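Q:
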Amino acid sequence: MAGRSVVVGVGHYLPERVVPNSEFEKTLDTTDEWIKTRSGIERRHFAAEDETTSDLATNAAEAALADAGLTADDIDAIIVATSTADLTFPSAATMVQARLGMTKGFAFDVQAVCAGFVFALSNANALILSGQAKRVLVIGAETFSRIMDWSDRSTCVLFGDGAGALVLELQEGEGTSDDRGILSTDLNSDGRYKDLLYVDGGVSTQSTGHLRMQGNQVFRHAVEKLAKTANTALENVGLASTDVDWIVPHQANIRIIQGTAKKMGLPIENVVVTVQDHGNTSAASIPLALSVGKQRGQIKQGDLIVTEAIGGGLAWGAVVLRW
Ligand code: ACO
67 MAGRSVVVGV
77 GHYLPERVVP
87 NSEFEKTLDT
97 TDEWIKTRSG
107 IERRHFAAED
117 ETTSDLATNA
127 AEAALADAGL
137 TADDIDAIIV
147 ATSTADLTFP
157 SAATMVQARL
167 GMTKGFAFDV
177 QAVCAGFVFA
187 LSNANALILS
197 GQAKRVLVIG
207 AETFSRIMDW
217 SDRSTCVLFG
227 DGAGALVLEL
237 QEGEGTSDDR
247 GILSTDLNSD
257 GRYKDLLYVD
267 GGVSTQSTGH
277 LRMQGNQVFR
287 HAVEKLAKTA
297 NTALENVGLA
307 STDVDWIVPH
317 QANIRIIQGT
327 AKKMGLPIEN
337 VVVTVQDHGN
347 TSAASIPLAL
357 SVGKQRGQIK
367 QGDLIVTEAI
377 GGGLAWGAVV
387 LRW
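Those letters in the sequence shown? Residues 67 to 389, by my numbering.
Next comes the structure, spelled out in structure tokens:
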């Protein structure tokens with residue numbers, strides 16, 4: 067017998083405003099065709115002016131709790147993966163905690179940019195397996211529209227806002243890879259690559275700043291590192307990519323998604339793809355894709371899923387879980 071962190075609920079929230087690629091043609095030297103061909107993105111959602119990351123996160127959390135048939139009182143901990151929290155402090159997670167009416171347990175944010183949700187899942191799993199929490203709400207939520215340089219066509223067309231959430235619950239398994247729940251995690255970072263993807267501001271440098279990215283350099287790292295971390299996480303539990311029902315990747319670029327699947331020897335039919343509708347929502351993209359994948363009828367109980375993500379840091383990783 068072995069304890070497992072099993073997904074018992076999933077949900078997401080997208081801001082109302084949908085922005086098609088054509089909207090950027092009005093202000094930038096770009097085209098719908100370029101954005102679609104180079105990134106796979108067709109549209110994205112942007113938060114309203116008065117809508118914050120904790121608003122998106124709370125809506126996604128409520129959807130996940132409803133899906134699980136649970137209330138906030140049933141939750142021991144909340145982790146929000148975000149790089150765009152409402153305030154410098156407190157954490158977005160404690161703001162969600164208050165909004166859900168939860169007065170016990172604990173809440174904190176995790177910041178690993180686009181890999182944030184993978185890092186948050188791994189941390190939630192560690193809390194559950196070490197007996198510090200029985201049920202954890204793990205949320206990815208971002209308002210990247212707030213850190214865009216709207217004059218930089220190489221970045222501002224790529225990102226969107228949104229949130230997704232999972233409820234993880236301690237359940238007993240057999241200790242084999244047939245168990246439901248998180249089976250393996252693999253986390254990595256290499257701070258030497260900071261200049262490839264960063265925000266040129268922050269509290270300690272006294273500004274909010276804008277996202278800066280050497281996209282083609284990040285691209286080069288992405289496919290290789292993502293396939294490697296996904297395969298490592300699978301090998302850790304004696305599985306191979308041929309066992310995988312669904313890759314649920316970070317949704318940054320369709321060409322990275324296709325390249326990673328190919329390197330893992332899997333067809334695109336085994337990948338949940340939402341990048342066309344959401345753009346890159348950073349830490350929110352994986353839980354959004356899990357929720358949409360379930361809604362579409364792609365992801366079913368018992369399916370073997372590998373999630374993988376890379377982002378600023380660089381930081382990257384993968385989680386293998388049986389739904
Ligand atoms: N419209 C038209 N032309 C453009 C645009 C645009 N929106 N953006 C850039 N271009 C031009 C460039 O200026 C360049 O022109 P030049 O050749 O005259 O200099 C040309 O297109 C090619 O630019 P590249 O950057 O080489 O294009 P590439 O094919 O690499 O695609 C992209 C760019 C989409 C950014 C891609 O590199 C990518 O997806 N990179 C990875 C992004 C990623 O995964 N990030 C990680 C997660 S994000 C996070 O952690 C926050």
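Cβ atoms here follow ideal geometry from the backbone N, Cα and C, with glycine treated the same way.
Quick caveat: nothing in here was measured; it's all calculated off a predicted structure.
1. Tell whether a beta-carbon distance below 8 Å holds between V162 and A127.
2. Counting only the same chain and skipping the five closest in sequence on each side, list residues whose C-beta sits under 8 Å from that of A114.
3. Return the Cβ separation of E91 and T97 in integer angstroms, given the expectation that the two are a contact with Cβ distance under 8 Å.
4. What are the partner residues of F112, as DSSP defines its beta bridges?
5. Is the beta carbon of G257 within less than 7 Å of some heavy atom of the ligand ACO?
6. What first and last residue would you give for the beta strand (DSSP E) that runs through D401?
7. Residues bridged to F155 by DSSP?
8. Mapping the DSSP letters down to three states, classify L166 as helix, strand or coil.
9. Using DSSP bridges, identify the partner residues of W100.
10. In chain order, which beta strand (DSSP E) runs of at least 3 residues are fully inside the stretch 271-302?
11. Candidates H316, R246, I194 and G368: which alpha carbon is nearest L203's?
12. Three Cβ pairs or more, each shorter than 8 Å: is that satisfied between the stretch 280-292 and the stretch 253-262?
13. Please go through the same chain and pick out, in chain order, the residues whose beta-carbon is closer than 6 Å to the beta-carbon of M209, but skip the five residues on each side of it.
14. M330: buried (16+ other C-beta within 10 angstroms of its C-beta) or exposed?
15. With distances taken Cα to Cα, identify the nearest neighbour of A147 among Q317, F183 and Q198.
16. Is the distance from the Cβ of I141 to the Cβ of I205 below 8 Å?
A: Based on what the coordinates show:
1. yes
2. P81, E82 and R83
3. 6 Å
4. R83
5. no
6. The structure shown does not extend to residue 401, since the chain is modelled only from 67 through 389, so no value can be given for it.
7. Paired residue(s): none; F155 is not in a bridge.
8. coil
9. Answer is none; W100 lacks a bridge partner.
10. Here the runs fully enclosed are 277-279.
11. I194
12. The stretch 280-292, when compared against the stretch 253-262, does touch it at the 8 Å Cβ threshold.
13. Note on residue identity: the sequence assigns Thr, not Met, to residue 209. Excluding sequence neighbours, T209 sits near A113, T119, T150 and D227.
14. buried
15. Residue F183 is the option with its Cα nearest to A147.
16. no
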